[in-house]
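**Student:** Quick one: the structure is below, questions incoming.
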Amino acid sequence: MITSIARKEFAEIVRDGRFKWTAAIMVLLLITAMMTGYQKYSASIRIQQAAQTGTNEQWLDQGDKNPHSAAHYGNYAFKPAGPLSYFDNGISNYTGTAVFMEAHKQNFAIGRPASDQSAIARFGDLSGATILQLLLPLFIIFLGFTAFSGERESGTLRQVMSMGVTNQQLLWGKALGIGVAVIIVVVPCVLIGALALSMAESIDHAEGVGTRLGLLSAAYLMYAGIFLFLTLAVSAWTKHARTTLMILVGFWAFTGFLAPKAASEISKFTEPTPAFGKWMADMRAHQIRGFDGVPPFVKFAQYTKELFKEYGVTSVGELPMYFVAVRLQKLEEYDYPVFDQHYSMIRDSYAAQRRVQDKVGIAAPTLPLRSISMALSGTDLIQHVKFMTDAETYRRNMVVKMNDYLSKASVHLNETYSSSNYMRADEEVFAIVPPFEFEPPELSAMIDEHRGNFVLLALWLAAAIGLALFAANRISLERS
Amino acid sequence: MLEAIQLKKTYGDYDALKGLDLKVEPGDIYCLLGANGAGKTTTINLFLNFINPTSGTAKVCGIDVTAQPLETKKLLAYIPEQVMLYGNLTALENLRYFARLGGHDYTQAEYQAFLERCGLQSGAYAQRVRQFSKGMRQKVGVAIALAKQAKALLLDEPTSGLDPKASNEFSELLIQLKGEGASILMATHDLFRAKQTGTRIGIMREGRMMQELGTEDVSHADIERIYLEHMHGDAGRYAA
Amino acid sequence: MLKLIISHEARQIARTGALWAILALLVGAIVFAAWSGGRSINRQVEGAQAAETFEDGLRNHMRKETEDYEAKVIAEGGEYQFASVRHSPGSGPPQGTNAGAVGAETSKYVTLPPTGLAALSVGQSDIQLNYLPVSMATTLDVTKNLELENPVNLATGSFDIAFVVIFLLPIFILAMSYDLLSSEKERGTLAMILAHPISIRELMASKIISRAAVLLTVVLGFGIIALLTVGTGLDTADTWVRFGLWMIATLLYSMFWFALAVLVNVYGKNSASNGTVLAGIWLILVVIVPQLVSMLATTIYPAPSRMELTIAAREAQTEAEKNFMAKLDEYYYDHLEFVPEGDEKAMDFLTLAQANNNSIEKAVRPLYDNFQAQLNKQEELVQRFQYVSPAIMMQLALNEVSGTSANRYEHFLNQVYVFHDDWKEYFGTKFLQRYPLKPADYEDFPAFSYEEEPFTAVMARLMPSLLGMLILFLSVVLVPFLALRNYQVAAR
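Structure, rendered in structure tokens:
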């Protein structure tokens, strides 16, 4: 019974000229998006790898100089594109791609692609994810909104119900028929995308691409299911097809466009991020003042006394290490807690904002899906924060290694401290700093982080099915 | 006065109306009979200038409807099978809106008088018409025609689906209007009502006028017989 | 007659829940957008003030020291001397007497002031930093900072009034007029009306006017309220001229959507199918086409990779350093503060640092120019392709009107570059002359004041978008206008 309802529903949909048009547009856009996305992805991976290799060589090749000067010369960390960024570019346009790692300063990532794009880039990326998040629901609504209300208007619903079909059979049959019509349009495109990925080289850093793809498919399937059953629920509930359409399109616009922006503004209000100027002024003042209120130079003077006492010496010249290097490293370290506090303040505000936005997902299923999709594609904030943390760890290690070397190798200069008297190190010394390598966050950590969003999606699906069943069961066949 | 002169309407290669000549004088109730698709509604639509004729002329009180559609519409009233009104406006509001569209305005009491004359129970005047029965809506339709002081009425199966009492009341109203000198053209399937109310009858088939009769000259049985003869093309089988 | 139908329509739609729901949503959205746009601009202004106060504080501290020093010199006699660069506290003349230290160690924050309407369209102002630290550092250092903002929020975009107008207003317009004619047809009232002496054009016109009047009154009214609450410079003519342009753009944009609804109603079938067609067109024009144009721009004229640029700039830097620093200790160039006291040679390092910066700038300039050229091509392409979507035209227009466009920012940057040169010139020269800065000299430091671009320049960029919308509206409205002449109410 259910299959024959599904077959009729499917035939009716597929014969409609509008189906052919919308399906053709969907397919065309999906394939265009996947292909250009893939092309951009492979180009960016190539450039990133070349750039990272290049900067590593520059580090070694910088010419003979004092090790601490080498730390000033520094190195760059270049962010690799997420493994599935060709499908969902996430926030990649709005995060920097390169971090300058130098002595004394913790830097933000620079080279944000959005800064190099025209204003209309703010309309968003045409990616596979955008299409599935925004177009797909509308496609489902178009295919399904007349399922009950249209039949009610044309009078065939009374006819069908007089044949001894139960309401639930009708619902499942229609869901199946529409579902198949959607699947025959979307699945081939997704397969093309997956095929492109399997041909891609240089995705060795992508842990568990298969698992990621599987989870992505599950999330998008749930999302499509939510809209399918909501469409059927509203269609069964309303008297006229045009009312069904109004309600569903309204909901679609709400969840796809209004809710994400509203959630973002609300989260900016409840969990504000300081403006750059304010934050920078605060941090620099904190540096000058000293983390615990003792200025670095005062602190270092105390440290010098302790050092002298420890080694039982009375002058710099007697110390068994190069005093200037000690001083450089100490001053560097005094800044660590200040940097940690101020940079983590930003990160914490972003994380808190995300939690607020996730909460809005209770009212708008696009939000949890979007978070999951970015996370699995490796283009979300967690990925970026991990990159920034890795870069900072690398920077501190780089500076320590250079200062340590200086401190050991220049002991003899303590006596004759002047500006024309210095040591030079060469490539061999610079090589004690290993090349930068980015370890993407583990997939399991990512899944843990987004467990709540998966639950939300599942709840939405359950609620949509529940609503559809409820609405189907109370279908009234009174003449309107 | 309503007048059709060699009126033709063609849709692609389908001829809906094949050169109709028709004249409805003041004081006439002219009943158009014919099967579905005979061209009755097309005729009415042409008089309303809802569609343009392929050739020929439709005139209302001597004015060509194609040339001066807005002028002729001032003289016309139209009552379709279902008088459709704005569901969330009251009967009075609907009446006032349409009357003013027709270029007339009256006092509240006068509007009420129109509704009263059409037999709408007074409790319904201020009700939203969403809940109105078909009979009630047809009465408002007639009230609109009255308020418009129409010289000619075009009625498209106005009584189909009405219960006999409502149908009877409707006919009474028509007869009153006829008495006031209106030209009334009514498409209908109701042979009995046509004989009862109408002054003349025209039988149409496939876009042609087959026969015109005066209701005075024939009996009910005659009308039914002639009608069926025309519908089947061969008088022989049903003539006996 | 028009008046009658308009008042009838007004009553008609006023009795449907949909109108009130739509108006409530619209008003809610405008209020929310004004609030969030206002907050966004305030945050920028506060950030600029905090940064400026901090850096001015550093300079004032130096000035205070020079004042004390001057008083001491006057009291005790002796020469007012120039200090060596040094960071740790010491005796002798204070750092404030050294133009190199003042010009390099403190920054002058220069600010792009928001226009009166900035809060209405955040535009690009959330990804550009509207206040930049000018010092003796390189141009790259001056412009490298970004406003702090959660990238997720940047990707999502602002909920500002421009969003309400570009995205939501069309939805509300279409929701109110998708069944303009089809609902009358479905109800059967269309035949009832047209049996009266009224033409269908009049009917359609009155229906549109009544709806447009309701919506636009709300938009205008709450737009003014929004401007009065979160706008700035309300006493200047500039703000109100901009607001007028804003309203013209909004009017043209709205009329396009109304015309589209009429067009679809004239050719469409039933309300439900009109609804699907209009929702589809909305998605295509407001979401898909802009994304496609953006994709086209970045595919045809891709910006050179920032990564490659970084590597190339670094190559240039290494070269420059090798040339200039070959014989000198670059170590002290990084750490002037550790130069032992009285080491005269160290003074040369600052001189060299300046020369070095300049040569790096010269070396990377062609790379940046290449970057800018590619971006300008992208921008040109977008300008040319804007006509394919009213949403693009509207976004460009609103960014221009609100002064949050990339163009105004570039205008600002060009002034910053000039000021940067002035700053370097002033302090660089004084430093090389070993001129001891006196407290009074602090009054003569180069000052920056942003000079707004001429209004004609704004208009020149704005006009194509406005005219484009006007032509689009006219061509869309012309079709139904002509078609309605032969409109046949009852088909076979």
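Residue numbers (the working numbering), protein chains in the order written: chain A, 39 to 518; chain B, 29 to 268; chain C, 855 to 1346.
From the three backbone atoms N, C-alpha and C, an ideal C-beta is built for every residue, glycine too.
(1) Against chain C, with Cβ distances strictly below 7 Å, would Lys-87(B) count as a contact?
(2) Between Asp-442(A), Ser-387(A), Ala-447(A), Tyr-111(A), which has its C-alpha nearest Leu-419(A)'s C-alpha?
(3) Between Arg-160(A) and chain C, is there a C-beta pair that is closer than 7 Å?
(4) State the Cα-Cα distance for the pair Met-112(B) and Glu-1040(C), rounded to the nearest angstrom.
(5) What three-state label does DSSP hand Lys-269(B) in the structure shown?
(6) Residues of the stretch 1041-1055 of chain C with a CB closer than 9 Å to any CB of chain B: list them in chain order, please.
(7) Would you report the Cα separation of Asp-1089(C) and Val-1068(C), rounded to the nearest angstrom?
(8) What in chain C is Cβ-close to Tyr-125(B), meaning under 7 Å?
(9) Using only the alpha-carbon positions, how far apart do Ile-867(C) and Asp-980(C) sit?
(10) Do His-862(C) and Tyr-125(B) come within 7 Å of each other at the CB atom, strictly closer than that value?
(11) Please tell me whether Asn-116(B) has its Cβ less than 7 Å away from any Cβ of chain C.
(12) Pull the bridge partners of Gly-242(B) from the DSSP assignment, please.
(13) Let me know the secondary structure DSSP gives Val-88(B) once reduced to three states.
(14) Per DSSP, what kind of secondary structure is Asn-297(A) in: helix, strand or coil?
(15) Among Ala-1217(C), Tyr-1296(C), Leu-1316(C), Asn-1124(C), which one has its Cα closest to the Cα of Asn-952(C)?
(16) Give a yes or no on whether the minimum CB-CB distance between Ala-136(A) and chain C is below 7 Å.
(17) For Arg-1065(C), which three-state DSSP category applies?
(18) I'd like to know if Lys-179(B) contacts chain C, where contact means its C-beta is closer than 7 Å to some C-beta of that chain.
(19) Closer than 8 Å is the cut-off here; do at least three beta carbon pairs connect the stretch 1257-1268 of chain C with the stretch 1300-1316 of chain C?
(20) Considering only residues of the stretch 450-517 of chain A, which uninterrupted alpha helix (DSSP H) runs meet the minimum length of 4 residues and lie entirely inside it, listed in chain order?
(21) Is Pro-1290(C) helix, strand or coil when you go by DSSP?
(22) So is Val-858(C) in contact with chain B if we call contact Cβ pairs under 7 Å?
(23) According to the neighbour-count rule (16 or more other Cβ atoms, all chains shown, within 10 Å of its Cβ), is Val-1272(C) buried or exposed?
(24) What do you reckon, are the CB atoms on Tyr-114(A) and Thr-93(A) nearer than 7 Å?
(25) In terms of residue numbering, what span does the beta strand (DSSP E) encompassing Glu-19(B) cover?
(26) For a contact meaning CB atoms closer than 8 Å, what does Arg-869(C) contact in chain B?
(27) Determine, using beta-carbon pairs with one atom in the stretch 457-472 of chain A and one in the stretch 176-193 of chain A, whether at least three such pairs fall under 8 Å.
(28) Cβ closer than 7 Å: which chain C residues qualify as neighbours of Tyr-341(A)?
(29) For Asn-77(B), count neighbouring C-beta atoms within 10 Å of its own C-beta (all shown protein chains included) and say buried if the count is 16 or more, exposed if not.
(30) So, with DSSP's three-state summary, where would you put Arg-156(B)?
(31) Give the single residue among Arg-250(A), Met-72(A), Val-438(A) whose Cα lies nearest to the Cα of Ala-363(A).
(32) Would you say Gln-325(A) faces chain C, with C-beta separation under 7 Å as the test?
(33) Quick one: which chain A residues come within Cβ less than 8 Å of Ala-1009(C)?
(34) Distance cutoff 7 Å, beta carbons only. Does Phe-1076(C) sit that close to anything in chain A?
(35) Given Ile-1052(C), which residues of its chain have a CB within under 7 Å of its CB, disregarding the five upstream and five downstream residues?
(36) Does chain A have any CB closer than 7 Å to the CB of Tyr-985(C)?
**Tutor:** For this structure:
(1) Here residue 87(B) refers to the residue found at position 59 when the second sequence is read from its first residue. Answer no: the Cβ-Cβ gap between Lys-87(B) and chain C never drops below 7 Å.
(2) Counted from its first residue, the first sequence places residue 419(A) at position 381. The shortest C-alpha separation from Leu-419(A) is found at Ser-387(A).
(3) Here residue 160(A) refers to the residue found at position 122 of the first sequence. So yes, Arg-160(A) belongs to the interface.
(4) Along the second sequence, one-based indexing puts residue 112(B) at 84. Along the third sequence, one-based indexing puts residue 1040(C) at 186. Those two C-alpha atoms are separated by around 10 Å.
(5) The structure shown does not extend to residue 269(B), since chain B is modelled only from 29 to 268, so the question has no answer here.
(6) Arg-1041, Gly-1042, Thr-1043, Leu-1044, Ala-1045, Met-1046, Ile-1047, Leu-1048, Ala-1049, His-1050, Pro-1051, Ile-1052, Ser-1053
(7) Against the third sequence, residue 1089(C) aligns to sequence position 235. Against the third sequence, residue 1068(C) aligns to sequence position 214. Asp-1089(C) and Val-1068(C): Cα-Cα distance of roughly 29 Å.
(8) Taking the second sequence and counting its residues from 1, the one referred to as residue 125(B) is at position 97. The contacting residues are His-862.
(9) Within the third sequence, numbered from 1, the residue matching residue 867(C) stands at position 13. Within the third sequence, numbered from 1, the residue matching residue 980(C) stands at position 126. Between Ile-867(C) and Asp-980(C), the C-alpha separation is close to 40 Å.
(10) Within the second sequence, the letter at position 97 stands for residue 125(B). Within the third sequence, the letter at position 8 stands for residue 862(C). Taking 7 Å as the Cβ cut-off, Tyr-125(B) and His-862(C) qualify as a contacting pair.
(11) In the second sequence, residue 116(B) corresponds to position 88, counting from 1. So yes, Asn-116(B) belongs to the interface.
(12) Mapped onto the second sequence, residue 242(B) falls at position 214. Its beta-bridge partners are Arg-228(B).
(13) In the second sequence, counting from the first residue as 1, residue 88(B) sits at position 60. In this structure, Val-88(B) counts as strand in the three-state DSSP scheme.
(14) Locating residue 297(A) in the first sequence gives position 259, counting from the first residue. The identity of residue 297(A) in the sequence shown is Ala, whereas the question assumes Asn. Note: Ala-297(A) maps to helix in three-state DSSP.
(15) Here residue 952(C) is taken as the residue at index 98 of the third sequence, counted from 1. Looking at the Cα atoms, Tyr-1296(C) is the closest of the given residues.
(16) Along the first sequence, one-based indexing puts residue 136(A) at 98. Yes - at least one Cβ of chain C is within 7 Å of the one on Ala-136(A).
(17) What you label residue 1065(C) is simply residue 211 of the third sequence in a count that begins at 1. Arg-1065(C) falls in the helix class under three-state DSSP.
(18) Reading the second sequence from its first residue, position 151 is the one you call residue 179(B). Not one chain C Cβ lies under 7 Å of Lys-179(B).
(19) yes
(20) Under the rule that a run must span 4 or more residues, the alpha helix (DSSP H) segments found entirely inside the stretch 450-517 of chain A read 465-468, 481-487, 489-511.
(21) Residue mapping note: residue 1290(C) aligns to position 436 of the third sequence, counting from 1. Strand at Pro-1290(C).
(22) For the purposes of this step, residue 858(C) is taken as residue 4 along the third sequence, with counting starting at 1. Checking the sequence shown, residue 858(C) turns out to be Leu, not Val. At least one chain B Cβ lies under 7 Å of Leu-858(C).
(23) Here residue 1272(C) corresponds to residue number 418 of the third sequence, with the count starting at 1. Exposed is the call here.
(24) Sequence index remark: in the first sequence, residue 114(A) carries index 76 (1-based). Sequence index remark: in the first sequence, residue 93(A) carries index 55 (1-based). In contact: Tyr-114(A) and Thr-93(A) (Cβ atoms closer than 7 Å).
(25) This structure does not reach residue 19(B), given that chain B is present from 29 up to 268, and the question cannot be answered.
(26) What you label residue 869(C) is simply residue 15 of the third sequence in a count that begins at 1. Within chain B, the residues near Arg-869(C) are Asn-116, Leu-117.
(27) no
(28) For this step, residue 341(A) is matched to residue 303 along the first sequence. Simply none; closest approach about 14 Å.
(29) Start at 1 with the first residue of the second sequence, and residue 77(B) comes out as number 49. By the neighbour-count rule (16 or more Cβ atoms within 10 Å), Asn-77(B) is buried.
(30) Stepping through the second sequence from its first residue, residue 156(B) is reached at position 128. Of the three classes helix, strand and coil, the one that applies to Arg-156(B) here is strand, per DSSP.
(31) As a position in the first sequence, residue 363(A) is number 325, starting the count at 1. The residue with the shortest Cα to Cα distance from Ala-363(A) is Val-438(A).
(32) Locating residue 325(A) in the first sequence gives position 287, counting from the first residue. So no, Gln-325(A) is outside the interface.
(33) Locating residue 1009(C) in the third sequence gives position 155, where the first residue counts as 1. Within chain A, the residues near Ala-1009(C) are Gly-128, Ile-129, Asn-131, Tyr-132, Gly-162.
(34) Here residue 1076(C) corresponds to residue number 222 of the third sequence, with the count starting at 1. Taking Cβ atoms only, chain A never reaches closer than 7 Å to Phe-1076(C), which makes this a no.
(35) Mapped onto the third sequence, residue 1052(C) falls at position 198. Taken in chain order, the residues that qualify are Met-855.
(36) Counting from one through the third sequence, the residue named residue 985(C) turns up at place 131. So yes, Tyr-985(C) belongs to the interface.
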